[in-house]
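Novice: To start, I am sharing the structure in question, which I have written as structure tokens.
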Amino acid sequence: MVPGTYSKTEDGNERALQVNALSHALIIEHLAPKLAANGRILFFGTSLHRKVLPSKVKVTNSASQFSLRFPTGSLTPENVDASLQEQPFAPMQVYLKTKFIQMFLFALTHQRFAQDPRKLRVIIVSPGFVPDTGLVRELSLMKRLLMQNVAPLMMFVTTPDDAGLTIRRGIVQDIPSGTYYSKRKNEHMAEEVYDPDLQQRWRQFLVSRGVWELNAPAA
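Using our numbering, read the sequence shown as starting at -15 and increasing by one per residue.
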């Protein structure tokens, strides 16, 4: 979802964060014991997640270089709440930030089930930009009209039928677990998503929000 305004849920989370990322983690957490052998967990992502953090240096595990990749104002596990309520409120920026967090959830979910004897596949599909859906239902009337009537005429837009085909491929085709799949076939995620240290920090963030590793022993 793209939020129309800044608001929090009764759990205290920014609403788009809870809808686009935290709720997914909690659903996976509760369904994990019940998933059937050879099943799939399918995420819906967006290639625009790469717009959140411009990479400044080559990815390394060196903590000393994190300051180079994360200048002031960027999204980190430690400043999520402040970043999502920056003013003036920018709905699409909030959406992209929450989808960026979702990419880490995808990576963590793939790792979680990598050695599971049920041989589950964890795949993320980017169906493309489909403007005439309910994604922007909370935006202003003018923006909704632009999305519904003008955006579909642009060259980079994906039709609902084409988006559906991409989703179907993610469900039925022989795609390895851990794949980021789009209408352009397999793609790479933003380079930060592959960083082990960042993955650990986002894992701790999800745990701190009470949506991940609920049955893990206390540290």
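Backbone N, C-alpha and C define an ideal beta-carbon position, used for all residues, glycine too.
1. Confirm, please, whether the CB-CB distance from HIS33 to LEU80 is below 8 angstroms.
2. DSSP three-state call for PHE113: helix, strand or coil?
3. Can you look up SER166 in the DSSP assignment and give me helix, strand or coil?
4. Can you round the beta-carbon distance between GLY148 and PRO75 to whole angstroms, since I take them to be within the 8 angstroms contact cut?
5. Can you find the residues in the same chain that come closer than 7 angstroms, C-beta to C-beta, to VAL3, ignoring five residues on each side of it along the sequence?
6. I need the boundaries of the beta strand (DSSP E) containing ILE25, first residue and last residue.
7. Would TYR165 be called buried (16 or more neighbouring beta carbons within 10 Å of its own) or exposed?
8. Buried or exposed, going by whether 16 or more other CB atoms sit within 10 Å of the CB of THR117?
9. Can you name, in chain order, every residue of its own chain whose Cβ lies under 6 angstroms from the Cβ of VAL190, other than the five neighbours on each side?
10. Which two residues bound the contiguous alpha helix (DSSP H) that contains ALA66?
Specialist: On the basis of the data shown:
1. Looking up residue 80 in the sequence shown gives position 96. Looking up residue 33 in the sequence shown gives position 49. Yes, they are a contact pair.
2. Against the sequence shown, residue 113 aligns to sequence position 129. In the structure shown, PHE113 sits in coil (DSSP, three-state: anything other than H, G, I, E or B).
3. Position 182 of the sequence shown, counted from the start, is the residue given in the question as residue 166. Note: SER166 maps to strand in three-state DSSP.
4. As a first step, residue 148 must be located in the sequence shown, where it is residue number 164. As a first step, residue 75 must be located in the sequence shown, where it is residue number 91. Incorrect: roughly 25 angstroms between the Cβ atoms, too far for contact.
5. For the purposes of this step, residue 3 is identified with residue 19 of the sequence shown, where counting begins at 1. Counting only Cβ-Cβ distances below 7 angstroms, and skipping sequence neighbours, we find MET(-15).
6. Taking the first residue of the sequence shown as 1, we reach residue 25 at position 41. Its beta strand (DSSP E) spans residues 24 to 28.
7. Here residue 165 corresponds to residue number 181 of the sequence shown, with the count starting at 1. Around the beta carbon of TYR165, 16 or more other beta carbons lie within 10 angstroms, which makes this residue buried.
8. Here residue 117 corresponds to residue number 133 of the sequence shown, with the count starting at 1. Classification of THR117: exposed, given that the 10 Å Cβ count is below 16.
9. For the purposes of this step, residue 190 is taken as the residue at position 206 of the sequence shown. It is worth fixing the name first, because residue 190 is Leu in this sequence and not Val. So the list reads ALA9 and TRP196, once near-sequence residues are dropped.
10. Position 82 of the sequence shown, counted from the start, is the residue given in the question as residue 66. Its alpha helix (DSSP H) spans residues 64 to 68.
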